[in-house]
Amino acid sequence: SYVNIENNYGSDLKEMHVVAVIPELGLRVSLGPFTIDDEEEATKRLLVDTYGAEPGDYYVRITVSNDDIRRVKHRIITI
């Protein structure tokens, strides 16, 4: 899975982390720390091992954060 992050906060975003959680499967994947410069974008790739999961739709909670900022999005993935 890919996560695209835009920095429009007016300063560099340092010590950023991305965490993806699929509660129904008991999966948690994290990436970071990394920096996104002011007015820049970053695309991060998260490798989620869903081997053995039953086919179907699952909710994923994606959190992008550091000590100052926290943004959470929910998406549905199909396996």
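In terms of the numbering used here, the sequence shown opens at residue 1 and continues consecutively.
No residue lacks a Cβ here, since even glycine has one placed at the ideal position from N, Cα and C.
Just so you know, these numbers come straight off a predicted model, no measurement behind them.
With respect to I5, K44 sits close: the two C-beta atoms are nearer than 8 Å. The Cβ-Cβ distance between L31 and N66 does not fall below 8 Å.
Around the beta carbon of I36, a 10 Å sphere encloses 16 or more other beta carbons of the protein chains shown; the residue is thus reported as buried.
Straight across, the Cα-Cα distance linking N8 with R75 is about 22 Å. Excluding residues up to 5 positions away in sequence, V64 lie with their Cβ nearer than 6 Å to the Cβ of R71 in the same chain.
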